[in-house]
Amino acid sequence: MLESLSTEQLEFIKAIENYKNEKKKLFLSWSEVLDILKNLGYQKVAARRSASNEASSAPEKPVTARPDRLARSIEACKTGMIARTSN
1255 MLESLSTEQL EFIKAIENYK NEKKKLFLSW SEVLDILKNL GYQKVAARRS ASNEASSAPE
1315 KPVTARPDRL ARSIEACKTG MIARTSN
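Structure representation (structure tokens):
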């Protein structure tokens, strides 16, 4: 399953797991998830659309994570996966 995930997905999963471990929480609020996304470098690229505009508007341009954090997170994910599988 992990092989089919993109690097951004792996980074997000690792960030969520790190947060849960640090805060000793099993479940996160949406506010906490939003904070994690912001800490990964994601940001809003356009003003919020109204409900009437939403259906007719073109989709927003995707936002990408910062490459330096992405590389570190991917390496941390790989290290964690190797440690888990060797036990």
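Just so you know, the sequence shown maps onto residues 1255 to 1341 in the numbering used here. The C-beta atom is built at its ideal place from N, Cα and C for all residues, glycine as well. Since this is a predicted model, take the numbers as computed values, not measurements.
Within 9 Å, strictly: CB atoms of residue i and residue j
| i | j | result |
| --- | --- | --- |
| residue 1264 | residue 1274 | no |
| residue 1294 | residue 1266 | yes |
Under the three-state DSSP convention, the category residue i falls into
| i | result |
| --- | --- |
| residue 1282 | coil |
| residue 1277 | helix |
| residue 1303 | coil |
| residue 1291 | helix |
| residue 1259 | coil |
| residue 1268 | helix |
Straight-line gap, residue i to residue j (C-alpha atoms, nearest Å)
| i | j | result |
| --- | --- | --- |
| residue 1330 | residue 1286 | 21 Å |
| residue 1323 | residue 1304 | 33 Å |
| residue 1271 | residue 1262 | 14 Å |
| residue 1328 | residue 1259 | 11 Å |
| residue 1290 | residue 1284 | 10 Å |
| residue 1300 | residue 1268 | 27 Å |
| residue 1298 | residue 1292 | 9 Å |
| residue 1278 | residue 1302 | 33 Å |
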